[in-house]
Structures are given as C-alpha cells and as structure tokens.
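The sequence shown begins at 1 in my numbering and counts up one residue at a time.
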Amino acid sequence: MLEKELQDALNSQINQELTAAYNYLAISAYFEEENLVGFANWMRMQHQEEMEHAERLQTYLLDRGGHLELEAIEKPRSEFSGALEAFEFSLETEQENTRSINALYEKAFRLNDHATKTHLQWFLTEQVEEEKSVEEVITTLRMIGDDVAGLLYLNDKLGERKHDESEEA
Ligand code: FEO
1 MLEKELQDAL NSQINQELTA AYNYLAISAY FEEENLVGFA NWMRMQHQEE MEHAERLQTY
61 LLDRGGHLEL EAIEKPRSEF SGALEAFEFS LETEQENTRS INALYEKAFR LNDHATKTHL
121 QWFLTEQVEE EKSVEEVITT LRMIGDDVAG LLYLNDKLGE RKHDESEEA
C-alpha cells in the first residue's frame, strides 16, 4: 500500500518530468526558428525522454494502486539569447529535477518503501547522465564562442542524436 505522502510526491515528480518535457519542446521550437535543426533535434529527443520518464513514474504509481493526479504545467520559456543560454537553462531544469528526485528518494527511504526506492534507482543514475550530457554541450559551446563554423559543426553532431529505445518504460 502506497502511503499518501509518497503518492503526492510521485504525482509531483510526474509534474516535474512533464514540465521538463514542456521546456525541451519549447527550446526545440526556438532552435527550429533559428534554423539550427540539429540543436532542435537534440532538444526534441530530450523532450521524448522526459515524456517517457513521466510515463515510467505513472505506470509505477498505478501499479502500486496509487491515484494519478495531473497538475497544471507552467508556460515554458521560449526566448533565449543563443544556444549557450538555452543549454544553461536546460542544465537548470536538470539540476532542479535531480534535487526533486533526491527528495523523493529520501521520502521513500524515511517511509521504508523499499519498492519505491528500487524504482527510483534508475532515475538517480539517469540524472547523472542527463546533467553530464547537457554540461558537455555547454563546455563545447563555450569553446566555440562566436565561431559560426564551430556552431554549425556542433549543430550537425547534435542532429545525429536518435531516440534511445533503452529509455522506454
Ligand atoms: Fe527526467 Fe531530465 O530528467
């Protein structure tokens, strides 16, 4: 039986993942409008991953006999001064998500809910990967600076990103 406190926290985490998905969708559209379709593709893949994270949590919540309560999602930010600022905003999104997953894990730990702790292990590992991949792009963008050729090279590289099926819930 899922404690009400944990059910609320899982619902809140689902909202967090959907918020991240919405952010990435808006950033993808921003890049599309800037004609940086590789960056847009990367963000679209990220959007899909976040949707899958929300679904993964939703499935778990329902499997445990919990009640799904979807909340409103804030309007996402869609204006940026450039690729670097868009990725810095993405990193903030991921860091916020990591904090939220950690708090959820601590709650499951405190309530001795071992199944939820096990389920959240995947998310803890995933957050390390997600922050790392955004940080790598930020590092490259800082090196590129105002070099348009460098930006277009990175645009090509990010355009190669494909949907990772191992992520699917
Ligand atoms: Fe679902 Fe990017 O964390």
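Built from N, CA and C at the ideal position, the CB exists for glycine as well.
Is DSSP giving residue i helix, strand or coil here?
i: glycine 75; result: Sequence inspection shows lysine at residue 75; the glycine mentioned does not correspond to that position. Coil, per DSSP.
i: asparagine 23; result: helix
i: arginine 161; result: coil
i: aspartate 147; result: coil
i: histidine 67; result: coil
i: serine 81; result: coil
i: asparagine 35; result: coil
i: aspartate 8; result: helix
i: methionine 51; result: helix
i: leucine 18; result: helix
i: aspartate 156; result: helix
i: asparagine 112; result: coil
i: leucine 120; result: helix
Let me know if residue i comes out buried or exposed under the rule of 16 or more other beta-carbons within 10 Å of its beta-carbon.
i: histidine 163; result: exposed
i: leucine 120; result: buried
i: tryptophan 42; result: buried
i: glutamate 17; result: buried
i: aspartate 113; result: buried
i: lysine 107; result: buried
i: alanine 149; result: exposed
i: asparagine 97; result: buried
**OP:** For the segment 52-71 and the segment 4-24, state whether three or more C-beta atom pairs, one from each stretch, are separated by less than 8 Å.
**Re:** Yes, they touch.
Subject >> Meets three-Cβ-pair contact criterion under 8 Å: the segment 18-28 and the segment 67-84 >> reply: The answer is yes - the segment 67-84 touches the segment 18-28, with three or more Cβ pairs under 8 Å.
Subject >> Cβ contact (3+ pairs, closer than 8 Å) linking the segment 126-135 and the segment 90-108 >> reply: yes
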